[in-house]
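Student: I'd like to ask some things about the structure below.
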Amino acid sequence: MLFPMNLSRFVIGVGWVLGASLALAQAPAPKLTTLPLNDLSAFRKPTPNWRIAGDATADLNQKDVMTAKSGTGVLVNIPVPKQGYGMQYDLLTNLEHGDLDLELDYMMAKGSNSGVYLQGRYEVQLMDSWGDKTARVGGNGSVYERWDESRPEGQKGYEGYPARQNVSKAPGLWQHLKISFQAPRFDAGGRKIENARMLRVELNGVPIHENVELSGPTRGPLAENEVALGPLRFQGDHGPVAFRNIRYVAYDKPRPELMNLQYTVYRGHFENEGDLGNTPPEAQGPINILTANVTRIPNDFLIRYTGTLRVKEPGEYSFNLGAPGGGGQLRINNNVVVKPGGGNLRGTATLPAGDLPFELLYTKFVSWAKPGLGLAVAGPGIREFVISSPVDGGNDETEPIFVDAPTNTLLRSFMDIPNASGQGRRTRVTHAVSVGSPEQVHYTYDMDKGAIVQVWRGDFLDTTPMWHSRGDGSSRPRGTVQRLGMPELFVGKLASQQAAWATDTTGSGYRPKGYVLDENDRPTFRYQAYGTSVEDAIRVADNGQGVRREVTFRNPSADLYARLAEGSTIEPMPNGMYMIDGKSYIVRVEDAGGATPVVRSVGGKQELLVPVRGGKLSYSILF
3 MLFPMNLSRF VIGVGWVLGA SLALAQAPAP KLTTLPLNDL SAFRKPTPNW
53 RIAGDATADL NQKDVMTAKS GTGVLVNIPV PKQGYGMQYD LLTNLEHGDL
103 DLELDYMMAK GSNSGVYLQG RYEVQLMDSW GDKTARVGGN GSVYERWDES
153 RPEGQKGYEG YPARQNVSKA PGLWQHLKIS FQAPRFDAGG RKIENARMLR
203 VELNGVPIHE NVELSGPTRG PLAENEVALG PLRFQGDHGP VAFRNIRYVA
253 YDKPRPELMN LQYTVYRGHF ENEGDLGNTP PEAQGPINIL TANVTRIPND
303 FLIRYTGTLR VKEPGEYSFN LGAPGGGGQL RINNNVVVKP GGGNLRGTAT
353 LPAGDLPFEL LYTKFVSWAK PGLGLAVAGP GIREFVISSP VDGGNDETEP
403 IFVDAPTNTL LRSFMDIPNA SGQGRRTRVT HAVSVGSPEQ VHYTYDMDKG
453 AIVQVWRGDF LDTTPMWHSR GDGSSRPRGT VQRLGMPELF VGKLASQQAA
503 WATDTTGSGY RPKGYVLDEN DRPTFRYQAY GTSVEDAIRV ADNGQGVRRE
553 VTFRNPSADL YARLAEGSTI EPMPNGMYMI DGKSYIVRVE DAGGATPVVR
603 SVGGKQELLV PVRGGKLSYS ILF
């Protein structure tokens with residue numbers, strides 16, 4: 003059987019495949035190589051401002067202050083006294099790369115400025131942009147501008163690309179950056195035939211650039227010329243910065259090529275290989291690229307492609323075949339690589355170097371679907387690329403339904419919270435209220451637990467899952483999200499300092515009392531627990547640096563505690579601050595009602611508790 007007999011309705015899957023508008027399934031993530039940070043041997047001639055450390059700490063309130071802790075695994079730049087400006091203080095890798103996927107963690111000092119240059123020439127800006135309402139050229143995550151001194155004043159800088167939104171974290175916190183870079187292409191004579199591109203840039207889990215074309219080096223390059231290979235470059239002359247977990251995939255091997263391609267079109271309804279019989283061809287001939295556009299027949303046809311796949315790099319290859327409205331099959335070197343089927347099809351094969359026989363079949367028999375054919379290939383040292391024509395096929399993607407927060411905005415929905423690993427099952431908060439602000443700082447509140455579930459910075463909500471078609475009632479944050487652990491009751495009673503915190507409200511007498519809005523439409527949540535009446539007012543902190551929470555207790559019962567944070571680690575800092583989960587976010591206790599906060603270890607994690615002694619408790623979550 004060539005194609006499934008029961009394929010009566012086909013919908014192609016949606017994924018991101020570079021360079022193609024035909025939607026194909028996303029390729030498995032390739033294995034990343036870690037840049038060693040046991041010493042500075044991975045870099046060329048490091049200057050004294052660079053060092054290897056075990057950790058770094060930046061002061062939230064002091065400009066350009068960063069300290070390094072002894073150890074290994076963290077690359078730290080702290081400018082030395084009387085150091086000036088200049089790329090001689092930058093750090094270049096021994097690695098020279100072309101196409102590259104890069105990801106790393108970085109930490110900024112307050113007011114600091116740095117950058118990561120792909121091939122030493124194309125900069126993704128790193129900047130302390132904490133609290134900025136909007137993204138800008140030169141801000142954190144921007145693709146820096148090009149520069150031409152011969153242009154008029156005010157126009158010397160050009161072709162800079164700000165991030166889609168500002169999703170920056172506070173100085174002293176680790177931020178995560180992912181870059182997919184495509185190097186410029188050159189012909190055999192060395193003439194540039196294609197510009198470099200930032201295929202995709204993600205900051206703190208949020209896409210901020212896609213398919214940005216770079217006509218030349220950005221300002222301050224290692225050199226003005228463009229090359230096939232160049233080093234990674236970390237800027238070291240504009241302020242303290244730290245890096246860790248620098249990992250990459252270098253795509254430096256030649257792509258396979260399709261050659262001597264021939265097509266044959268047959269008219270008819272083909273779901274079995276035997277259906278062809280002695281059917282005469284409708285059309286045939288040579289062609290340069292795989293496409294479904296070799297026939298004007300709208301439905302009930304089969305296209306057979308034959309030719310040669312020239313493989314220059316031996317190894318394991320993966321193939322991603324999209325065949326909307328029917329099905330497909332792929333043979334290489336006389337072996338079936340993608341088995342017969344419909345929809346999104348994947349297969350792998352270990353291929354030798356050389357010219358290998360190639361055959362692809364595409365049948366179309368679902369009348370309502372649009373014809374289309376897509377084939378993507380990935381291999382050893384080869385980023386997945388589309389070897390077919392980049393044509394539309396299948397069904398249109400769902401238009402997203404976004405909700406912005408130009409004013410203080412409330413939206414009730416389900417909210418799904420991933421487990422600690424970020425994979426597997428999720429916890430669904432069924433009585434979630436998401437509160438958005440024009441300061442671009444937002445949070446979700448669980449009315450069943452009196453708990454802040456998550457905070458985020460950037461755009462407000464994606465309500466597509468809630469309102470598209472029949473919907474499932476849920477929404478999703480659109481910015482960089484800081485989760486605050488599984489939703490659990492904010493207040494609790496403890497029989498001892500080592501007693502486990504209650505995971506549900508059983509025995510607490512918890513009763514939600516809704517919320518009231520102030521004159522600016524900001525909610526104060528109300529509930530009762532353990533015989534105590536609680537009012538919970540959450541507001542955006544000054545300068546959009548996070549959220550400030552003021553909780554009022556009426557007639558608090560004895561032995562009542564408030565749990566401010568949980569995490570794998572909680573590190574006390576000066577001025578009532580606590581660094582949570584390895585510098586993921588900060589809790590600052592401002593008024594504990596005369597009580598002393600307690601950090602305890604229980605159940606394999608740490609918790610920050612405050613005994614409820616007075617009528618009020620105030621603290622901020624900074625991120």
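In my numbering, the protein residues as written are 3 to 625. Here a beta-carbon is modelled for each residue, glycine too, at the ideal position from N, C-alpha and C.
Taking only runs that begin and end inside the segment 546-575, name each unbroken beta strand (DSSP E) of 3 or more residues, in chain order.
Tutor: List check, beta strand (DSSP E) in window: 548-556, 562-569 and 572-575.
Student: So Leu377 and Leu323 are in contact, right, with Cβ under 8 Å, and what is the actual spacing, rounded?
Tutor: Confirmed, Cβ separation roughly 5 Å.
Student: Take the Cβ of Phe492 as the centre, count every other Cβ of all protein chains shown within 10 Å, and call the residue buried at 16 or more, exposed below.
Tutor: Counting Cβ neighbours within 10 Å, Phe492 comes out buried, since at least 16 surround it.
Student: For Gly73, is the classification buried or exposed, using 16 other Cβ atoms within 10 angstroms of its Cβ as the cut-off for buried?
Tutor: Gly73 comes out exposed.
Student: Just tell me which of Thr59, Asn63 and Asn79 has its CA closest to the CA of Lys71.
Tutor: Among Thr59, Asn63 and Asn79, the Cα nearest to that of Lys71 belongs to Thr59.
Student: Classify Ala407: buried if its beta carbon has 16 or more other beta carbons within 10 angstroms, exposed otherwise.
Tutor: Its Cβ being crowded by 16 or more others within 10 Å, Ala407 is buried.
Student: Return the first residue and the last residue of the alpha helix (DSSP H) that Thr95 is part of.
Tutor: It is not in any alpha helix (DSSP H) - Thr95 instead sits in the beta strand (DSSP E) that spans Leu93 to His99.
Student: Please return the same chain residues whose Cβ sits closer than 6 Å to the Cβ of Thr446, not counting the five positions on each side in sequence.
Tutor: Met417, Ala434, Ser436, Val455 and Gln456, listed in sequence order.
Student: Got a sec, what are the start and stop residues for the beta strand (DSSP E) Trp503 sits in?
Tutor: It is not in any beta strand (DSSP E) - Trp503 carries neither H nor E in the DSSP assignment.
Student: Can the beta-carbon of Gly548 be found closer than 9 Å to that of Val443?
Tutor: For Gly548 and Val443, yes; Cβs fall inside 9 Å.
Student: Are three or more beta carbon pairs between the segment 468-479 and the segment 400-415 nearer than 8 Å?
Tutor: Segments in contact, yes.
Student: Taking C-beta to C-beta, are Glu147 and Arg221 nearer than 9 Å?
Tutor: Cβ atoms of Glu147 and Arg221: closer than 9 Å.
Student: Taking the straight line between their C-alpha atoms, what separation do you get for Gly509 and His240?
Tutor: The straight-line gap from Cα to Cα measures roughly 56 Å.
Student: Would you give the residue range spanned by the beta strand (DSSP E) that Met200 belongs to?
Tutor: Where Met200 is concerned, the enclosing beta strand (DSSP E) stretches over Ala198 to Leu205.
Student: Touch check for the segment 296-306 and the segment 351-363: three-plus C-beta pairs under 8 Å?
Tutor: The segment 296-306 vs the segment 351-363: in contact.
Student: Could you check where the beta strand (DSSP E) with Trp52 kicks off and where it finishes?
Tutor: Trp52 to Ala60 is the span of the beta strand (DSSP E), which, as asked, contains Trp52.
Student: Should the segment 527-540 be regarded as contacting the segment 486-503, the criterion being three or more beta carbon pairs within less than 8 Å?
Tutor: Contact between the segment 527-540 and the segment 486-503 is present, because at least three Cβ pairs lie under 8 Å.
Student: In chain order, what residues of the same chain lie with their CB nearer than 6 Å to the CB of Ala325, ignoring the 5 residues before and after it?
Tutor: Contacts found: Tyr364.
Student: Trp52 and Leu97 look like a contact to me (Cβ under 8 Å); what is the Cβ gap, rounded to whole Å?
Tutor: That belief does not hold up - the Cβ atoms of Trp52 and Leu97 are roughly 16 Å apart, past 8 Å.
Student: For the alpha helix (DSSP H) that Pro467 lies in, which residues bound it at each end?
Tutor: Note, Pro467: alpha helix (DSSP H), Thr466 to Trp469.
Student: What is the residue span of the beta strand (DSSP E) that Leu39 lies within?
Tutor: Leu39 -> no beta strand (DSSP E), and no H or E assigned at all.
Student: What would DSSP say about Met89, mapped onto helix, strand or coil?
Tutor: Here Met89 sits in helix by DSSP.
Student: To the nearest angstrom, report how far apart Tyr150 and Asp538 are at their CA atoms.
Tutor: It should be pointed out that residue 150 corresponds to Asp in this sequence rather than to Tyr. Spanning the two alpha carbons is a distance of roughly 54 Å.
Student: Just to confirm before moving on: does the CB-CB distance between Gly460 and Gly481 stay below 9 Å?
Tutor: Yes. Within cutoff.
Student: If Gly327 sits next to Lys372, beta carbons under 8 Å apart, how far is it from one beta carbon to the other, in whole angstroms?
Tutor: Gly327 to Lys372, Cβ: 7 Å. Contact.
Student: Looking at Met488: is its Cβ nearer than 9 Å to the Cβ of Thr505?
Tutor: Yes, they are a contact pair.
Student: Determine the DSSP secondary structure at Asp107, reduced to helix, strand or coil.
Tutor: It is a strand residue.
Student: What residues match up with Asn295 in a beta bridge as DSSP calls it?
Tutor: In the DSSP output, where bridge partners are listed per residue, Asn295 has none listed.
Student: Give me the Cα-Cα distance between Ala111 and Leu234, rounded to the nearest whole angstrom.
Tutor: Cα to Cα, Ala111 sits roughly 22 Å from Leu234.
Student: At the level of alpha carbons, what is the spacing between Thr281 and Gly343?
Tutor: Near 22 Å, if we compare the C-alpha coordinates of Gly343 and Thr281.
Student: Could you pull out every residue in the same chain whose Cβ sits closer than 7 Å to the Cβ of Glu573, ignoring the five residues on either side in sequence?
Tutor: Excluding residues within five positions, the ones whose Cβ falls inside 7 Å are Tyr580 and Met581.
Student: Pick out whichever of Asn115, Val340 and Asn522 has its Cα sitting closest to the Cα of Arg348.
Tutor: Comparing Cα positions, the closest option is Val340.
Student: Thinking just about the alpha-carbon of each residue, which of Asn142, Val214 and Lys180 is nearest to the one in Glu196?
Tutor: Selected option, being the one with the closest Cα: Val214.
Student: Give me the residue from Asp523, Leu353 and Leu205 with the minimum Cα distance to Asn410.
Tutor: Comparing Cα positions, the closest option is Asp523.
Student: Taking 6 Å as the limit between beta carbons, can you name the residues of its chain near Pro81, skipping five residues before and five after?
Tutor: Excluding residues within five positions, the ones whose Cβ falls inside 6 Å are Asn51.
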